[in-house]
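Please read the structure below before turning to the comments.
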Amino acid sequence: MSKRKLSYTKAVIICHGKSESQLCKFIRQNLRISIDIYDDKNGEKSIQITSLKNHLNNRVFQSIDSFTNEFPKTSVVGKGRKRKLEQFRLFIIMDTDDCSESVKHSFINKEMFKNHWAFEYIEPIFNISNLEEVLNRSDIIYQKSGKDIKKQYIKIFPTDVKYIEKNSDTIQLENFMKKLQGDEKTNMERLIQYCLECKN
Numbered sequence: 005m006s007k008r009k010l011s012y013t014k015a016v017i018i019c020h021g022k023s024e025s026q027l028c029k030f031i032r033q034n035l036r037i038s039i040d041i042y043d044d045k046n047g048e049k050s051i052q053i054t055s056l057k058n059h060l061n062n063r064v065f066q067s068i069d070s071f072t073n074e075f076p077k078t079s080v081v082g083k084g085r086k087r088k089l090e091q092f093r094l095f096i097i098m099d100t101d102d103c104s105e106s107v108k109h110s111f112i113n114k115e116m117f118k119n120h121w122a123f124e125y126i127e128p129i130f131n132i133s134n135l136e137e138v139l140n141r142s143d144i145i146y147q148k149s150g151k152d153i154k155k156q157y158i159k160i161f162p163t164d165v166k167y168i169e170k171n172s173d174t175i176q177l178e179n180f181m182k183k184l185q186g187d188e189k190t191n192m193e194r195l196i197q198y199c200l201e202c203k204n
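Quick note: the sequence shown uses our numbering, first residue 5, plus one each step.
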């Protein structure tokens, strides 16, 4: 197998805000997998469901050409109009507390993406009503710091001695995924599972 096949980008993840971005960076760092993260000003500025179409039509996502220029390590097969991304997913992580019910459902069932070239790769990841509520329901401990609540840095999965002693870079994520599986108000476990599979 060529070096190219070993290192190509497995996913791009569009993140709603800072906590989602931090979670994805944790996954990338600890699993050592090739994924790229797209956010607005490092998550300082939120990407809303209602503005997704604007982002998906920008210079990054407007075509397969612009996309592969931005993310050159994605693996492309075929030529011309028959080009396709190989073993790739475009995850979009969104809170649902800032849009109408109709928009929320259109996001979850992919209806809002039906005319986009990347439709087959898009996998919406929803958190009802938001990621922090999902973490609380799953008994995930996360730390906040900072005086300005709008600029709080959220650290998910703080360093725990028990994980260091076991020398595992997957056990926290595996436990997180299991906790999420019983929550019908999120499908975040699909993202975690995909990333764990990419490591293997």
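Here a beta-carbon is modelled for each residue, glycine too, at the ideal position from N, C-alpha and C.
Which of helix, strand or coil DSSP assigns to residue i
i: V138; result: helix
i: T72; result: helix
i: T174; result: coil
i: K154; result: Its pLDDT being 47, under 50, K154 is placed unreliably in this model, and the value from its coordinates should be taken loosely. Helix.
i: T54; result: helix
i: R88; result: As written in the sequence, residue 88 is Lys, which differs from the Arg given in the question. In this structure, K88 counts as strand in the three-state DSSP scheme.
i: K45; result: coil
i: F123; result: helix
i: K182; result: helix
i: R32; result: helix
i: I196; result: helix
i: F117; result: helix
i: S219; result: Within the shown structure, residues of the chain are numbered from 5 to 204, placing residue 219 beyond reach of any answer.
i: I144; result: coil
i: E24; result: helix
Identity of the residues DSSP links to residue i by a beta bridge
i: I97; result: C19 and I129
i: I39; result: A15
i: V107; result: Bridge partners of V107: none, in fact.
i: T190; result: N131
i: V219; result: A query on residue 219 cannot be resolved here, the shown segment of the chain reaching from 5 to 204 and no further.
Under 9 angstroms between C-beta atoms of residue i and residue j
i: T13; j: D40; result: yes
i: A122; j: I68; result: yes
i: F65; j: H120; result: yes
i: L135; j: E24; result: yes
i: C199; j: I37; result: yes
i: K86; j: G47; result: no
i: I196; j: I31; result: yes
_Any contact between the segment 68–82 and the segment 99–112? By contact I mean 3 or more CB pairs, one from each, below 8 angstroms._
Touching, no, given that fewer than three Cβ pairs across the two stretches are closer than 8 angstroms.
*Please confirm if the segment 185–193 is in contact with the segment 121–133, defined as three or more CB-CB distances below 8 angstroms between the two stretches.*
Here the segment 185–193 lies against the segment 121–133, with 3 or more beta-carbon pairs under 8 angstroms apart.
*Check whether the segment 13–25 touches the segment 39–57, counting contact only when three or more Cβ pairs, one atom from each stretch, lie closer than 8 angstroms.*
By the Cβ criterion, the segment 13–25 is in contact with the segment 39–57, since at least three pairs of Cβ atoms, one from each stretch, lie closer than 8 angstroms.
_Stretch pair the segment 45–65 + the segment 95–107: three plus CB contacts closer than 8 angstroms_ = Enough Cβ pairs lie closer than 8 angstroms, so yes.
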